[in-house]
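Numbering (my numbering), first residue to last: 1 to 301.
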């Protein structure tokens, strides 16, 4: 069966029928005449039929050869059309892009990028899943995952798009009531709002001028979604740790202020993560390029 599906042999055979000779077929295909003759002979042996009638002047198809030619020509046209369709779609975004991102990054950065993407490629559709839970790209048939923070080991492939900083924030009222010498060293005596979706948020490693402090947090409220954590912090329940992009507007508007601003938390990455594949569809490449440009713009602000 594998030999019967050898399209090269069909090409050699149909070209001989169309040109009327092995010599002319070899010239059209830019191969040696012996190659054409050998491949057609192999095809006849596989089929157990004589496809060509050879004379000193011309090569013509037998009755069986003519019937086989008609079917082979259809197969080759369909194969060429399929190849053309796929190669064209590989060069331009088409179809539906299915992506996932965290709630905060999705709302703040990915959504505007989707709008730009659709303006640029109006024939493409997008299915966006904004959730703090990590999706399985393969099982859920997702083309692209945007991961914030630190990547776990996996078989997925990734491209780093940018960097994020972590900020400790609180309402101005709560911050005003903190001790003048407040630092991560007394973090456990302060109220905190935790995010259940993030691993290890019961403690954070702070650093300053070569000094490090592993701070235990007193989480008085734990929420399962980042917007809920942010709402609780804005309500004045406690301090919270957020990536810079999530709270920059609240800080600018005066709803939140930074606490421990002279201490650093570990910086994280913003990654485009793909399921394993040798080639990346154009719809994915184009979106990731726009998102990378958005990250470069954000980094300059």
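Ideal Cβ positions, reconstructed from N, Cα and C, are used throughout, including at glycine.
Taking 8 Å as the threshold (C-beta atoms), are residue j and residue i in contact?
i           : j           : result
residue 128 : residue 106 : yes
residue 13  : residue 47  : no
residue 238 : residue 213 : no
residue 273 : residue 145 : yes
residue 15  : residue 132 : no
residue 217 : residue 187 : yes
residue 19  : residue 291 : no
residue 284 : residue 118 : no
residue 276 : residue 156 : yes
residue 240 : residue 229 : yes
Less than 6 Å between C-beta atoms, sequence neighbours within five positions excluded: which residues of the same chain meet that for residue i?
i           : result
residue 201 : 194 and 195
residue 120 : none
residue 100 : 129, 135, 142 and 145
residue 224 : 196
residue 264 : 207
residue 147 : 271 and 273
residue 198 : none
Determine which residues share a DSSP beta bridge with residue i and list them.
i           : result
residue 232 : None, per the DSSP bridge assignment.
residue 157 : 274
residue 212 : 207
residue 54  : 59
residue 148 : 270
residue 243 : 166
residue 257 : 170
residue 221 : 193
Enumerate in chain order the residues of its own chain whose CB-to-CB distance from residue i is below 8 Å, with the five nearest sequence positions on each side excluded.
i           : result
residue 7   : 75, 76 and 79
residue 234 : 171, 250, 255 and 256
residue 267 : 163, 164, 165 and 166
residue 10  : 43, 72, 75 and 76
residue 245 : 104, 105, 108, 109, 164 and 298
residue 58  : 20 and 21
residue 94  : 123, 124, 282 and 283
Using 7 Å as the cut-off, classify the Cβ of residue i as near or not near the heavy atoms of the ligand MG, replying yes or no.
i           : result
residue 272 : This structure lacks the ligand MG, and indeed carries no ligand of any kind.
Taking 7 Å as the limit between beta carbons, can you name the residues of its chain near residue i, skipping five residues before and five after?
i           : result
residue 62  : 50, 51, 52 and 53
residue 262 : 208
When you compare the segment 253-272 with the segment 168-186, are there three or more beta-carbon pairs, one atom per stretch, that lie closer than 8 Å? yes
Ignoring anything shorter than 4 residues or poking outside the segment 58-141, list the alpha helix (DSSP H) runs there in chain order. 63-91 and 111-120
Taking only runs that begin and end inside the segment 151-202, name each unbroken alpha helix (DSSP H) of 4 or more residues, in chain order. List check, alpha helix (DSSP H) in window: 172-176.
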